[in-house]
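Final position of the sequence shown in our numbering is 283; the numbers increase by one with none missing. Backbone N, C-alpha and C fix where the C-beta goes; we use that ideal spot for every residue, glycine too. Computed from a predicted structure; not experimentally measured.
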Amino acid sequence: MKLSYLDFFGLNEDPFQTSPSTKYFYSSQEHQECLARILLTLELNNGLFVAIGDAGTGKTSLASLVMRDLLQDDNTILALIRQPRARSEFAFLQKLNDSFGVIVSGVGRRSTLMLENSLFNFIQEKALEENKRLVLIVDEAQEMTPTQLLRIRELLNLETESRKLINMIFFGQLEFLNKIRSKRFKNFRQRVAMSYVLNPLNLKDTGELIKYRLKMAGSDGTGISYTEDAIQVIHKESKGLPRDICKLGAAGLLAAFASQTNVIDADTIKVEAQSMPIR
Ligand SMILES: Nc1ncnc2c1ncn2[C@@H]1O[C@H](COP(=O)(O)OP(=O)(O)O)[C@@H](O)[C@H]1O
Ligand SMILES: [Mg+2]
């Protein structure tokens, strides 16, 4: 009887699953560099950190990793906005309140001013009275409108003589930089304490990422072998983009299963890359 896909390769799970789980996150040099700067910004209480990268560079994965680390600290209050897009200013403020778990109560219709006050009060109370560290993480930051960015700046302006009341980590695509480069965002730009561009992975990290994912999926290293040439083709075809490294890695594995071999070679990857015009 033919073995199942996972059994054939000696795996417990799909190694190239796209779920945002931190289990499959390989700490490449690029991601480590970015993470180190994020942690430094938080440690120094510097305000806003911006991480920039193309789609598929691992921004959302990195955000999950930062979340996981910060959640372990009881003294930190963490808020996450996965998608800042909002229909109105009111909806955006509601989103900010929601992300911190602030429930805005009151009689009658809630106004923008009420939402703003509740958020400010919450931040002041937690940071000053309870001495908590507040961190807001925003993914897809390029979606923010000018008005929203001004709101964010107001929050970043909250500070005592000795410290900022809230730190933020933004993850966004390149357009975010273009957006805040214009003159009207000069004040906002000055609030960016540090930024980092996530670059493509190098050849070594490309191979290591694949190896790491196989290991996490239960491979003992004997059931699957990507040749060195195959890794080179994956690196070239993916341009070092983690998302595409995973897609090509997965395609190679499927093709190898179809021909019942444990070896994934360069030709296999080349064929797969050709039949994958849209990645
Ligand atoms: N460092 C990494 N290690 C393993 N897989 C990664 C890594 N970075 C990204 N990936 C994978 O690449 C895909 C895209 O990552 P994602 O975080 O969604 O990128 P982005 O948010 O920049 O578009 C996901 O399937 C993710 O699991
Ligand atoms: Mg993302």
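Under 7 Å between C-beta atoms of residue i and residue j
{"i": "Ile-235", "j": "Asn-266", "result": "no"}
{"i": "Ser-68", "j": "Thr-26", "result": "yes"}
{"i": "Pro-204", "j": "Leu-245", "result": "yes"}
{"i": "Val-275", "j": "Phe-174", "result": "no"}
{"i": "Tyr-30", "j": "Tyr-230", "result": "no"}
{"i": "Ile-127", "j": "Ile-170", "result": "yes"}
{"i": "Thr-272", "j": "Ala-259", "result": "yes"}
{"i": "Ser-92", "j": "Asp-209", "result": "no"}
{"i": "Ile-42", "j": "Val-70", "result": "yes"}
{"i": "Leu-213", "j": "Ile-249", "result": "yes"}
{"i": "Gln-146", "j": "Phe-180", "result": "yes"}
{"i": "Asp-35", "j": "Leu-10", "result": "According to the sequence as given, residue 35 is His; it is not Asp. Not in contact: His-35 and Leu-10 (Cβ atoms no closer than 7 Å)."}
Integer-rounded CB distance, given that residue j should sit under 8 Å from residue i
{"i": "Gly-105", "j": "Leu-202", "result": "Not a contact, Cβ separation roughly 30 Å."}
Same chain only: Cβ atoms within 6 Å of residue i, ignoring 5 sequence neighbours per side
{"i": "Asn-50", "result": "Ala-197"}
{"i": "Phe-94", "result": "Thr-116"}
{"i": "Leu-284", "result": "Here the chain comprises residues numbered 5 to 283, so residue 284 is not present and cannot be evaluated."}
{"i": "Ser-8", "result": "none"}
{"i": "Glu-17", "result": "Ala-221"}
{"i": "Ala-90", "result": "Phe-96, Lys-99"}
{"i": "Glu-144", "result": "Gln-87"}
{"i": "Val-142", "result": "Ile-85, Pro-88, Phe-174"}
{"i": "Arg-247", "result": "Gly-60"}
{"i": "Leu-123", "result": "Leu-100, Asn-101"}
Other residues of its chain near residue i: CB distance less than 8 Å, five sequence neighbours each side excluded
{"i": "Lys-251", "result": "Phe-20, Ser-242, Met-280, Arg-283"}
{"i": "Ser-103", "result": "Ala-83, Leu-84, Ile-85, Leu-140"}
{"i": "Asn-79", "result": "Asn-135, Lys-136, Arg-137"}
{"i": "Leu-160", "result": "Gly-51, Leu-52, Lys-168, Ile-170, Met-172, Arg-195"}
{"i": "Ala-270", "result": "Thr-231, Asp-233, Ala-234, Gln-236, Val-237"}
{"i": "Glu-165", "result": "none"}
Opening and closing residue of the beta strand (DSSP E) in which residue i lies
{"i": "Gly-176", "result": "170-176"}
{"i": "Ser-103", "result": "It is not in any beta strand (DSSP E) - Ser-103 instead sits in the alpha helix (DSSP H) that spans 93-103."}
{"i": "Ala-83", "result": "80-85"}
{"i": "Val-201", "result": "196-201"}
Bridge partners - residue i, DSSP secondary structure assignment
{"i": "Val-54", "result": "Phe-174, Ser-199"}
{"i": "Leu-140", "result": "Ala-83, Met-172"}
{"i": "Val-267", "result": "Ser-229"}
N- and C-terminal bounds of the alpha helix (DSSP H) containing residue i
{"i": "Phe-126", "result": "116-128"}
{"i": "Asn-161", "result": "150-161"}
{"i": "Val-70", "result": "63-75"}
{"i": "Thr-164", "result": "Element bounds for Thr-164: n/a, residue is neither H nor E."}
{"i": "Asn-182", "result": "179-185"}
{"i": "Met-220", "result": "207-220"}
{"i": "Lys-251", "result": "246-262"}
{"i": "Phe-29", "result": "Looking at the DSSP string, Phe-29 is not in any alpha helix (DSSP H), and its letter there is neither H nor E."}
{"i": "Asp-11", "result": "9-13"}
Proximal residues to residue i (C-beta, below 7 Å), its chain only, five neighbours per side dropped
{"i": "Asp-224", "result": "Gly-14"}
{"i": "Leu-74", "result": "Thr-80, Leu-82, Val-139"}
{"i": "Tyr-28", "result": "Gln-21, Arg-217, Met-220"}
{"i": "Thr-151", "result": "Glu-93"}
{"i": "Phe-12", "result": "Phe-261"}
{"i": "Gly-62", "result": "His-35, Leu-202, Pro-246"}
Within-7 Å CB hit, residue i to chain C
{"i": "Lys-130", "result": "Within the model displayed, chain C is absent; a lone protein chain is all it includes."}
- Report all residues for which the CB-ligand distance to some heavy atom of ligand 4 is below 6 Å; order them along the chain. No copy of ligand 4 occurs in the structure displayed; its ligands are ligand 1 and ligand 2 alone.
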